[in-house]
Amino acid sequence: MVIDEMTPNHGSALLVTTQAATYLNMSPRTLTNFRFRGGGPRYVKLGGSVRYRREDLDSWIKAGLRESTSSMEDQLSG
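What the sequence shown shows, in the UniProt record's numbering, is residues 1 to 78, in sequence order.
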C-alpha cells in the first residue's frame, strides 16, 4: 500500500521507515539508528517489517517541544 503523505484522513495508516523519515524530515538511517539506540518514536514490528503509526510520530514530536535550551536543564534539576 502506498500512502500519499499529503492526503488527509490516513492517520491510522502504517508508514514504512522511508515515509516516517520523510514525515519527520530526517534520513531513514537516522530513524533506524533510533530504533537500535532508543530515544526515537515508537514503532510496530510486523514479522520482519517495521512500521510507524502517524500518531506515535506526532507524540514523539510533541515530547521534544522546548521553550528554550534551559527547559531541559530545569527538568533535570527539578
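From the three backbone atoms N, C-alpha and C, an ideal C-beta is built for every residue, glycine too.
These numbers were taken from a predicted model, which means no experiment stands behind them.
Residue from the options whose Cα sits closest to the Cα of residue i
i: Gly39; options: Ala20, Glu55, Leu65, Trp60; result: Trp60
i: Tyr23; options: Leu65, Asp58, Val50, Gly64; result: Asp58
i: Arg42; options: Arg29, Ala20, Asn25, Gly48; result: Ala20
Buried/exposed call for residue i, threshold 16 Cβ in 10 Å
i: Leu15; result: buried
N- and C-terminal bounds of the beta strand (DSSP E) containing residue i
i: Arg29; result: That residue, Arg29, is in no beta strand (DSSP E); its alpha helix (DSSP H) goes 28 to 37.
Reduced DSSP category for residue i - H, G, I as helix; E, B as strand; rest coil
i: Tyr52; result: strand
i: Leu57; result: helix
i: residue 127; result: In this structure the chain extends from 1 to 78, so residue 127 is not present and cannot be described.
First through last residue of the alpha helix (DSSP H) which encompasses residue i
i: Thr17; result: 17 to 24
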